[in-house]
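Residue numbers (the working numbering): 805 to 1322.
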């Protein structure tokens, strides 16, 4: 899903055609922005098997990308590079000696690997496999059986992020070895490792720069002199720390030293996330922390002061897995849906929303006697229907959140629609009209109108009910008597007119001819 700065829903995906979805992000390719995500089966041994998708600004799927070879893409990583390529995490089943951790010598593992592919052609440019460089004894993942056949491989490495620098080398995170590894982009050799059993760095922070565990989302910053990552401090059933944290680690690749320069923890609640998580450094220096397995994200300033703390679930449900965010990213995005705004008429209200539209500032409710029309396209003026009947404005309101309410009165014509306007007053789109007849809504309802008479005590109620029943050739007609005088009724209609929000001359010219009515 996409939320705005106020936490309002902007867009949500019907994920049913895609399976489980992860890793929603905004990425750029060939000068255009795309929404990217992974979709597939996430029940495969803590990772996934599926495909990567690209949506354009109209939320139209333009690409489905697969890993190269007989394997399917993993959910953890789908990252574009500046060179028009994409980095994919993949898992393969590979033989490995597990005797050093109590398993069979002829065992099987999930081999954490990654591929770099050309986005335009899908061709494989580079591949790397952990089994070529790591052994079973490098893992911290508790062995409790399995790995004795290809149908039950043991996950000893668990790759979960891949980054690439301007030198063409790769930085990867491996959850089960508690390590961040820097890899030569030509040979695939390990250049160095930060953390884990083969740590190559002197920790200048009393061990706190390299003591991360079960981590995610390792990224380069500051011209390859700093690394950020999400230190989970936990995995399923194993809680090694009191809370999860974001880390910023200064790395000196000449002196081979590591220093913890910043630590980001939630000040309101000690949150421990046993899986997933992300750290994003924003252009203004702020840091966005996503808590993965728990539905929480927090934005800090560069010094660690909390600016925004958002909960998508109550703290009592943390670690339940009810709401998971995997990674949380903040980005500029302009959405112009290929769909039309949706409306729902309930009583005297019209509710409008437009899934994914980011430029709507105002909604305009219009009515007409006929539903068939031409000219309801973005940017056009007048909006006359096929028989020459203009749509007339009924009410204009500011957009409020994902869904906004507009109201109409008893004199509204038979059909309605809603226009979306941008901040300049330009029409972005129009809803489908005629889905619900206003006349039918009113005619099929019991309308109760009340007004206090001038002499004080009595309230006049007019009940307008009409029903017809035909059975066995007998027609029973229920008639009623209205005791509402015309003066009281007219005064009520006048009061309704006062509730209508007026617009200026320019908007009236844009939105169609006719006078304002309730």
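Beta carbons are placed, not taken as given, at the ideal position from N, Cα and C, and that holds for glycine.
- Here residue 1159 is not near residue 1113, since their CB atoms are 8 Å or more apart.
- For residue 827, the secondary structure class from DSSP, reduced to helix, strand or coil, is strand.
- A straight line joining the alpha-carbon of residue 976 with that of residue 969 spans about 11 Å.
- Burial state of residue 959 is buried, judged by a 10 Å Cβ sphere holding 16 or more other Cβ atoms.
- Distance check between residue 1213 and each of 1237, 1235, 1151, 1103 places 1151 closest, using alpha-carbon atoms only.
- Classified as exposed, residue 845 has fewer than 16 neighbouring CB atoms from the shown chains inside 10 Å of its CB.
- Judged by DSSP in its simplified three-state form, residue 1059 adopts coil rather than helix or strand.
- For residue 878, the enclosing beta strand (DSSP E) stretches over residues 877–884.
- Judged by DSSP secondary structure, residue 1017 falls outside any beta strand (DSSP E); it is assigned neither H nor E.
- The criterion of a C-beta distance shorter than 8 Å is not satisfied by residue 978 and residue 1014.
- Shortest Cα-Cα distance from residue 882 to any of 1084, 891, 1132, 1044 involves 891.
- Of all C-beta pairs linking the stretch 1081–1095 to the stretch 1019–1033, three or more are shorter than 8 Å, placing the two stretches in contact.
- Collapsing the DSSP output to three states places residue 1204 in coil.
- Here residue 858 is bridged, per DSSP, to 840, 867.
- With the rule of 3 Cβ pairs closer than 8 Å, the stretch 845–856 does not count as touching the stretch 926–933.
- Looking at the DSSP output, residue 920 sits in a beta bridge with 891, 930.
- Just so you know, the alpha carbons of residue 1067 and residue 943 end up roughly 25 Å apart.
- Residue 1111 counts as exposed, since fewer than 16 other C-beta atoms from the protein chains shown sit within 10 angstroms of its C-beta.
- Judged by beta-carbon spacing, residue 1138 lies beyond the 8 Å limit of residue 1224, meaning their Cβ atoms are not closer than that value.
- Inclusion of residue 952 and residue 908 in the CB contact set at 8 Å is warranted, their separation being smaller than that value.
- Within its own chain, the residues whose Cβ lies closer than 8 Å to the Cβ of residue 865, once the five positions on either side in sequence are excluded, are 857, 858, 859, listed in chain order.
- In the DSSP annotation of this structure, residue 1173 is not part of any beta strand (DSSP E), being labelled neither H nor E.
- Here DSSP, grouped into helix, strand and coil, assigns residue 941 to helix.
- In this chain, the beta strand (DSSP E) harbouring residue 996 covers 994–998.
- Contact between residue 1093 and residue 1104 holds, since their C-beta atoms are separated by about 7 Å, short of 8 Å.
- The C-beta separation of residue 1024 from residue 967 comes to about 6 Å, placing the pair in contact by the 8 Å criterion.
- DSSP places residue 1130 in the coil class of the three-state scheme, outside both helix and strand.
- Taking the Cα positions, residue 991 is about 38 Å away from residue 1101.
- Here residue 1026 carries a coil assignment [DSSP, helix/strand/coil].
- Nearest neighbour of residue 1032 by Cα position, chosen from 1085, 987, 861, 982, turns out to be 1085.
- Between the stretch 1199–1210 and the stretch 1115–1134, the count of Cβ pairs shorter than 8 Å is below three; the stretches do not touch.
- Residue 1058 is classed as exposed because its beta carbon has fewer than 16 other beta carbons within 10 Å across all chains shown.
- Annotation: the continuous beta strand (DSSP E) that includes residue 1155 extends over 1153–1157.
- For residue 1093, the enclosing beta strand (DSSP E) begins and ends at 1091–1094.
- Considering only 1029, 855, 811, the residue with the shortest C-alpha distance to residue 1052 is 1029.
- Nearest to residue 1206 by C-alpha distance, out of 874, 829, 1155, is 1155.
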